[in-house]
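S.K.: Residue numbering for the sequence shown follows the numbering used here, beginning at 45 and increasing consecutively. Below are the C-alpha cells for one structure; questions will follow.
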Amino acid sequence: MDIYPRTDYRGLDRYLPDRSPIAADLSDNRNLWGAHPAALEVLAGAGTTEASEYPGSYSARLVDAVAGELGIHPASVTTGAGGTGVLDALMRAVAPTTMRYLDPGWPAAGMLAVMNGHRPVPVEWSVGLDDPVGFAGSEPAIVFAPNPGNPTAEAIPDEWMRAVQERTEAVGSILIIDEAYGEYNRDLDDTTPFDMALAGERTICVKTLSKAYGLAGLRAGYGVGSPSLMLEVDKGRGPFVVSGVTSAAAAAAISSESLWLEDTIAETLVNRERVQASLRHRGYEVPTSAANFVFILRPEDELDDMTRRLERCGVRVRPFRGPTKLANGLRATVGPWDRMQRLLDGLDLVAAGAV
C-alpha cells in the first residue's frame, strides 16, 4: 500500500479566497472597523526581543488574560492560531471517529475533520434543531455546534445546546460549542456557553479574536473546558503555535477597558438590522442574523452570476451552495454603512440588468 498521498485527502483542496483589491470586500466576516486599539499598541511597541526569542510554549499570557476575564482557572483554557487552530488541535487529540454537524455549516469544520482522520456526517439544519438528541447521536463522535450558525447566521437556543450536551456527555462524545460570532448574539458579560463547557468533561467552547476584536491577521483564539480536556487539546496543539507578540496583543485586547469593542459591536448591530430591512424591502429572503453578516437566500443556479456581477460593482460576497434551499445564498459581512449601501446599490444594478 502506498503511504502517500493520503487517500482521504483526495476530496480536499486548499482554501484560496480572492484577496485582490476591491472597494467593498464583504466575503470573510472580519471586523470592517479595523483592529482593537489595545492590540495595535502592543504591535507598535514590538521589537527585536519579540522577533528573535521563542514565544511561551502554550501562550501563558493569553491564557491568563482569558482566565482573568472569565474568573476561571488557567488550566481550563487552551489557545491556538485562531479558533481554527483550536479546532484543529482538538480534532487531532481525538481518535478517528465521525463528526456530526448542522448543514449548512462552516466548510472549514468538515475540512479539519477530514484532515485529522474523521468522517463528516451532515445533519440537515431544521432536522437537527427539531431533535437535539437525534442530532447528537447515540455513538461517541465529535459533535460540532456553532452558535450562531455560519453561513445562515441564525441563533441557536441555549436550551437546545444543553440538550445536545446532556446527550454527548452521556454517550462519550466531544461537543464543540463554536462561539466565533457570539459577541454579536449575546451580551459581553453573558458567560452561558463557557458555563456549559465548564460543567462538562467533554465539552469545549471555542472563541476567536478574528471577528469582533479585529485580529484576523494575528491568528489568535482560545477554548474553555475541563482541565483534562484542555490538557489533551494542548497535546494536540503542540508548543510555540501562537507567536509571543500575538499572545501579548490578544491578551491586551481581552483585558482592555477601552469601549472600542462595545462601540463597534453596537454599530454592527444597528447596521445589521438596517441592511436586513433594506434587503427584505427589495424582496430578498434573509434569515434573521445573530452574527456580523447576513445570508441572502438565492437559487443555486443564480449564485455564480450574481457574485460576478456584484464584483463588477466593487462588492465581493461569498456564495454558498448545498442540497437545501437554506444552504444556497450569498453571505455578506456587515460593516460601516457606506459599504452596506454599496452592497444594496450593487444588488439594485444586478436586478436591473445594468451590470
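Beta carbons are placed, not taken as given, at the ideal position from N, Cα and C, and that holds for glycine. Quick caveat: nothing in here was measured; it's all calculated off a predicted structure.
1. Under 8 angstroms: do the segment 89-101 and the segment 252-264 share three or more Cβ pairs, one atom per stretch?
2. Taking the CB atoms as reference points, tell me whether Arg-342 and Leu-374 lie closer together than 8 angstroms.
3. Just to confirm the assignment: which complete beta strand (DSSP E) runs, minimum length 3, are found wholly within the segment 288-352?
4. Shortest alpha-carbon distance to Asn-315 belongs to which of Gln-385, Ala-292, Pro-81, Gly-178?
5. Excluding five sequence neighbours on each side, which residues of the same chain lie with their C-beta closer than 6 angstroms to the C-beta of Arg-263?
6. Any chance the segment 278-296 sits against the segment 145-152, with 3 or more Cβ pairs inside 8 angstroms?
7. Output the distance between the C-alpha atoms of Gly-91 and Val-285, rounded to the nearest integer angstrom.
8. Whole angstroms are fine: how far does the CA of Glu-317 sit from the CA of Phe-337?
9. Would you say Leu-305 and Tyr-257 are within 8 angstroms of each other, going by their C-beta atoms?
10. Let's test the definition: count the other Cβ atoms within 10 Å of the Cβ of Gly-265 and tell me whether it reaches 16, buried, or not, exposed.
11. DSSP three-state call for Asp-239: helix, strand or coil?
12. Can you give the Cα-Cα distance for Ala-139 and Pro-271, rounded to whole angstroms?
13. Looking only at C-alpha atoms, which of Cys-357, Gly-366, Asp-382, Thr-377 sits nearest to Ile-66?
14. Distance, Cα to Cα, Arg-54 vs Ser-302?
15. Run through the DSSP bridge pairs and tell me what Met-143 is partnered with.
16. DSSP three-state label for Leu-76, please.
17. Among Leu-114, Leu-87, Asn-372, whose alpha-carbon lies nearest the alpha-carbon of Asp-233?
18. Is it the case that the CB of Pro-331 approaches a heavy atom of the ligand SAM more closely than 7 angstroms?
19. Quick check on the burial criterion: 16 or more other C-beta atoms within 10 angstroms. Buried or exposed for Arg-211?
20. Looking only at its chain, what residues have a beta carbon closer than 7 angstroms to the beta carbon of Ala-185, apart from the 5 residues adjacent to it on each side?
21. Please confirm whether Ile-220 and Ile-200 have their CB atoms less than 8 angstroms apart.
22. Can you give me the start and stop residues for the alpha helix (DSSP H) that Asp-389 sits inside?
23. Expressed to the nearest angstrom, what Euclidean distance is found between the alpha-carbon atoms of His-162 and Glu-223?
24. How far does the alpha helix (DSSP H) with Phe-179 in it reach, from first residue to last?
25. Report the rounded CA-to-CA distance for Arg-365 versus Thr-351, giving the unit in angstroms.
26. What does DSSP give as the partner residues of Thr-123 in its beta bridges?
27. Given Asn-160, which residues of its chain have a CB within under 6 angstroms of its CB, disregarding the five upstream and five downstream residues?
28. So if DSSP puts Gly-373 in a beta bridge, which residue, or which two residues, is it bridged to?
29. Rounded to whole angstroms, how far is the Cβ of Gly-267 from the Cβ of Thr-128, which I believe are closer than 8 angstroms?
30. Among the candidates Trp-381, Val-378, Asp-345, whose CA atom is the shortest distance from the CA of Pro-367?
31. On the premise that Pro-363 lies in contact with Asp-382, defined as a C-beta separation below 8 angstroms, what is that separation, rounded to the nearest angstrom?
32. Go to Thr-212, then tell me how far its alpha helix (DSSP H) extends in each direction, as first and last residue.
33. Taking DSSP's pairing of strands, which residues face Ile-220 in a bridge?
34. Give the secondary structure of Val-286 by DSSP, where H, G and I count as helix, E and B as strand, and everything else as coil.
M.R.: Judging by the given coordinates:
1. Too few Cβ pairs lie closer than 8 angstroms, so no.
2. Cβ atoms of Arg-342 and Leu-374: closer than 8 angstroms.
3. For the beta strand (DSSP E) assignment, the uninterrupted runs of no fewer than 3 residues enclosed by the segment 288-352 are, from N- to C-terminal side, 337-341.
4. Ranking the options by Cα distance to Asn-315, first place goes to Gln-385.
5. Leaving aside the five residues that flank Arg-263 on each side, the residues in its chain whose CB is nearer than 6 angstroms to its CB run, in chain order, Ala-125, Gly-126.
6. No, the segment 278-296 is not in contact with the segment 145-152.
7. Spanning the two alpha carbons is a distance of roughly 19 angstroms.
8. In a straight line, the C-alpha of Phe-337 is about 10 angstroms away from that of Glu-317.
9. Yes; because the gap between Cβ atoms is below 8 angstroms, this pair is in contact.
10. Looking at its Cβ environment, which holds 16 or more other Cβ atoms inside 10 Å, Gly-265 is buried.
11. Asp-239 falls in the helix class under three-state DSSP.
12. Answer to the nearest angstrom: the Cα atoms are 19 angstroms apart.
13. For the set Cys-357, Gly-366, Asp-382, Thr-377, the Cα lying nearest the Cα of Ile-66 is the one of Cys-357.
14. Cα to Cα, the separation comes out at about 47 angstroms.
15. Under DSSP, Met-143 shares a beta bridge with Pro-164, Ile-186.
16. Coil at Leu-76, not helix or strand.
17. Looking at the Cα atoms, Leu-114 is the closest of the given residues.
18. No copy of the ligand SAM occurs in the structure displayed, which carries no ligand at all.
19. By the 10 Å Cβ count, Arg-211 comes out buried.
20. Only Thr-141, Thr-142, Met-143, Arg-144, Ser-217 meet the Cβ criterion.
21. It is not a contact, given that the beta carbons lie outside the stated cut-off.
22. Bounds of the alpha helix (DSSP H) holding Asp-389 are 381-395.
23. Cα-Cα distance, rounded: 22 angstroms.
24. Run containing Phe-179: 176-180, per the alpha helix (DSSP H) assignment.
25. If you take the alpha carbons of Arg-365 and Thr-351, they lie about 13 angstroms apart.
26. Answer is Tyr-266.
27. These residues qualify, in order along the chain: Met-135, Arg-136.
28. Its beta-bridge partners are Leu-341, Phe-364.
29. About 12 angstroms; that fails the 8 angstroms criterion.
30. Shortest Cα-Cα distance from Pro-367 to any of Trp-381, Val-378, Asp-345 involves Asp-345.
31. Their Cβ separation, rounded to whole angstroms, is 23 angstroms, which puts Asp-382 and Pro-363 out of contact at 8 angstroms.
32. That run of the alpha helix (DSSP H) goes 202-215.
33. Per DSSP, Phe-188, Ile-248.
34. Secondary structure at Val-286: coil, using DSSP grouped into helix, strand and coil.
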